[in-house]
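Have a look at the structure below, then the notes.
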Amino acid sequence: MDITLHFFFNLSLLIILQFFSILLIGISKNQHSFKVQAIVFSILSLITCFAFTYQLHENILLNLYLIPILVGGLYVGLGPLLGLLAIISSGIYGFDIGFFSTVIVAIVSALLFWRISPWFFKRSVKQRMAIVTVMALIVGIYPPIIMQINQIPFPVFDVYFAYLVIQPLGAAMIAFVIELTCNTVHLRHHVVKSQRLEVVEKMAAAISHEIRNPLTAAVGFVQLMQDASISKDKSDQYLSIINSELNSAEKVIQNFLTFSQPQIESAEPLNINKELQFVIDILQPSANKNKVFIELNGSDIYWVIGDRQSFHQCFVNIIKNSIEAMENGGTITVEADSVPSEVNIRIHDTGKGMTPEQVERLGEPYYSTKGESGTGLGIMVAYNIVRAMKGTISVKSEVGKGTTFEFTFPAEIS
Ligand code: ADP
Ligand code: MG
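Residues in the sequence shown are numbered from 5 upward in steps of one, following the numbering used here.
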């Protein structure tokens with residue numbers, strides 16, 4: 005069982021490498037280093053497999069190089085690069101039958117994994133694990149078959165066991181650890197974001213308490229005014245106090261209530277097209293000022309459940325940002341469509357766009373790049389409203405090209 009033993013050795017090297025990549029991901033603060041780690045891990049794993057290869061005959065090399073191609077191809081989309089690297093590494097050992105079989109297996113599997121990588125990402129975690137295992141099994145059949153076709157003698161049980169048991173097992177283990185790491189990184193991120201929000205929410209609850217004071221004062225003066233015997237002077241004085249108290253309450257509300265977790269006060273069916281048209285009408289003057297053209301594509305059949313005012317506020321905030329991102333004019337496309345049980349709304353602008361770091365910070369309280377004129381609250385409020393409507397948001401942005409906000413809400417059947 006030399007080959008099986010050797011494959012176990014190969015696998016342990018891959019696991020050690022993976023351990024170090026995870027260690028680096030854990031240390032690194034930068035979220036985008038994740039992808040770099042994955043690329044480095046795939047390449048190093050492939051080279052390691054070839055460096056510690058098992059030489060069955062002079063020209064037959066056996067190792068686990070298909071695991072890095074599989075994992076790197078599916079998870080990182082590096083199929084062609086890793087395939088090429090495998091061919092070069094194999095070429096270093098000589099141009100013989102072993103090399104040509106590597107060429108065939110590497111090209112076929114690298115292209116296959118690269119092609120199905122986007123589809124692969126849309127599967128659930130369990131499905132991805134199953135796909136990796138099955139793929140490892142499928143590509144594991146080629147090497148023994150190629151040897152059989154070329155009538156190269158080999159220890160049949162050992163080779164089949166190594167390729168059809170160790171290889172799928174190893175691929176599944178590595179995929180499992182990748183999934184676990186992604187999940188952890190994702191959670192860590194989520195926790196940081198919600199901690200930030202929590203602070204603001206607490207503060208908001210305290211401040212909205214402040215509204216009670218002016219309101220109580222106003223109510224008191226209203227009661228005083230109910231007394232029919234008070235003079236005109238007095239009643240004017242009371243009215244002006246009530247006015248100023250109510251104004252200050254309104255200000256507090258305006259400034260701070262938006263911080264706190266919005267509760268959907270009234271939940272009613274909203275016609276997306278009608279409400280979006282309303283929002284666009286409100287913003288038309290500022291759009292005109294910036295020479296921005298707003299286009300609405302949708303149809304009257306999409307409905308969601310929510311609070312009308314909040315819904316308006318959310319989209320005013322988003323579209324206002326889009327207008328502000330296009331100082332020299334441009335187009336905003338507002339689109340709505342629906343898949344069963346979901347309604348999607350896309351707001352696309354051709355504005356200045358954002359870097360991935362900026363996109364990452366969206367929704368953070370007080371995050372603004374507009375200096376004095378920005379509050380850094382618009383997006384946070386919008387996100388809170390969407391959250392309260394049980395919706396989700398995803399943002400795609402490219403510097404200099406534009407930004408797309410995509411909202412998904414549970415659909416209301418009209
Ligand atoms: P404010 O508009 O007051 O700055 P927001 O919370 O509305 O605060 O937006 C936060 C930041 O997000 C903005 O300062 C801007 O940098 C960025 N941003 C939001 N929407 C867009 C967009 N459509 N295009 C480019 N940048 C945007
Ligand atoms: Mg804004």
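Even glycine gets a Cβ: it sits at the ideal position worked out from N, Cα and C.
To the nearest angstrom, report how far apart Q199 and K394 are at their CA atoms. Sequence index remark: in the sequence shown, residue 199 carries index 195 (1-based). Sequence index remark: in the sequence shown, residue 394 carries index 390 (1-based). Going by the C-alpha atoms only, they are around 20 Å apart.
Cβ-based neighbour list, P84, same chain, cut-off 8 Å, excluding 5 preceding and 5 following: As a first step, residue 84 must be located in the sequence shown, where it is residue number 80. Hits under 8 Å: A114, L115, W118.
For the beta strand (DSSP E) that contains V399, what are its first and last residues? Indexing the sequence shown from 1 puts residue 399 at position 395. Residues 396–402.
Tell me whether N388, by its Cβ, gets closer than 8 Å to a heavy atom of ligand 2. As a working note, residue 388 is residue 384 in the sequence shown. A distance criterion of 8 Å places the beta-carbon of N388 beyond contact range of ligand 2, judged by its closest non-hydrogen atom.
Residue from F125, L68, H61 with nearest C-alpha to F54: Here residue 54 is taken as the residue at index 50 of the sequence shown, counted from 1. It is L68.
Closest to I135 by CA distance: which of I26, F319, I71 is it? Numbered from 1 along the sequence shown, position 131 holds the residue referred to as residue 135. Looking at the Cα atoms, I71 is the closest of the given residues.
Are the segment 310–321 and the segment 373–391 touching, with three or more C-beta to C-beta distances below 8 Å? A contact between stretches requires three or more CB pairs, one per stretch, nearer than 8 Å, and the segment 310–321 meets this requirement with the segment 373–391.
What are the start and end residues of the beta strand (DSSP E) that includes E346? Along the sequence shown, read from residue 1 onward, the residue named residue 346 stands at position 342. 346–353 is the extent of the beta strand (DSSP E) around E346.
With a threshold of 8 Å (Cβ to nearest heavy atom), would A291 be considered close to ligand 3? Ligand 3 is not part of the structure shown, which contains ligand 1 and ligand 2 as its ligands.
Return the CA-CA distance between F12 and L18, expressed in angstroms with no decimal places. As a working note, residue 12 is residue 8 in the sequence shown. As a working note, residue 18 is residue 14 in the sequence shown. Between F12 and L18, the alpha-carbon positions lie close to 10 Å from each other.
D285 - containing beta strand (DSSP E), residue span: Walking along the sequence shown from the start, residue 285 turns up at place 281. For D285, there is no enclosing beta strand (DSSP E); the residue is found in the alpha helix (DSSP H) stretching over 276–293.
Closest by C-alpha distance to I383, when choosing among T137, Y164, T8, F409: As a first step, residue 383 must be located in the sequence shown, where it is residue number 379. When T137, Y164, T8, F409 are compared, the shortest CA-CA separation from I383 is found for F409.
Run the proximity test for P379: is its beta-carbon closer than 8 Å to any non-hydrogen atom belonging to ligand 2? What you label residue 379 is simply residue 375 of the sequence shown in a count that begins at 1. Sequence check: residue 379 is Thr here, not Pro. Within the cutoff, so yes.
By DSSP, does A90 sit in helix, in strand, or in coil? Along the sequence shown, read from residue 1 onward, the residue named residue 90 stands at position 86. Three-state result, A90: helix.
Around the Cβ of F45, are there at least 16 other Cβ atoms within 10 angstroms (buried) or fewer (exposed)? Looking up residue 45 in the sequence shown gives position 41. Here F45 is buried. Its C-beta has 16 or more other C-beta atoms within 10 Å.
For my contact list, L9 and T52 are in at a C-beta cut-off of 8 Å; report their separation, rounded to the angstrom. One-based indexing of the sequence shown puts residue 9 at position 5. One-based indexing of the sequence shown puts residue 52 at position 48. For L9 against T52, the beta-carbon gap comes to about 17 Å, at or over 8 Å, which does not count as contact.
Do we get a CB-CB distance below 9 Å when we pair L366 with the residues of chain D? As a matter of chain content, chain D is missing from the structure shown, which is built from one protein chain.
Verify whether the separation of the beta carbon atoms of I153 and H61 is less than 9 Å. For the purposes of this step, residue 153 is identified with residue 149 of the sequence shown, where counting begins at 1. For the purposes of this step, residue 61 is identified with residue 57 of the sequence shown, where counting begins at 1. Against a cut-off of 9 Å, the Cβ pair of H61 and I153 comes out as no contact.
Excluding the 5 residues flanking P414 on each side, which residues of the same chain have their C-beta closer than 6 Å to its C-beta? Reading the sequence shown from its first residue, position 410 is the one you call residue 414. Same-chain partners within the cutoff: K394.
How about E368: is its Cβ closer than 8 Å to a heavy atom in ligand 2? Here residue 368 corresponds to residue number 364 of the sequence shown, with the count starting at 1. No, since every heavy atom of ligand 2 falls outside the 8 Å radius drawn around the Cβ of E368.
Distance, V296 Cα to R216 Cα: Position 212 of the sequence shown, counted from the start, is the residue given in the question as residue 216. Position 292 of the sequence shown, counted from the start, is the residue given in the question as residue 296. Rounded to the nearest angstrom, the gap between the Cα atoms of R216 and V296 is 41 Å.
Where does A415 fall in DSSP's three states? The residue labelled residue 415 in the question sits at position 411 within the sequence shown. In the three-state scheme derived from DSSP, where H, G and I count as helix and E and B as strand, A415 is classed as strand.
Anticipated Cβ contact below 8 Å, I349 with F282, distance rounded: Here residue 349 refers to the residue found at position 345 when the sequence shown is read from its first residue. Here residue 282 refers to the residue found at position 278 when the sequence shown is read from its first residue. The beta-carbon distance between I349 and F282, rounded to whole angstroms, is 14 Å. This is too long to meet the 8 Å contact definition.
May I ask you to verify whether the segment 139–150 touches the segment 97–113, counting CB pairs closer than 8 Å and requiring at least 3? Touching, per the Cβ criterion.
State whether the segment 371–379 contacts the segment 338–347, with contact taken as three or more CB pairs (one from each stretch) at a distance under 8 Å. Because the criterion of three Cβ pairs below 8 Å is not met, the segment 371–379 and the segment 338–347 do not touch.
Contact set for L419: own chain, Cβ-Cβ below 8 Å, skip 5 residues either direction: Because the chain in this structure spans residues 5 to 418, residue 419 falls outside the shown range and cannot be described.
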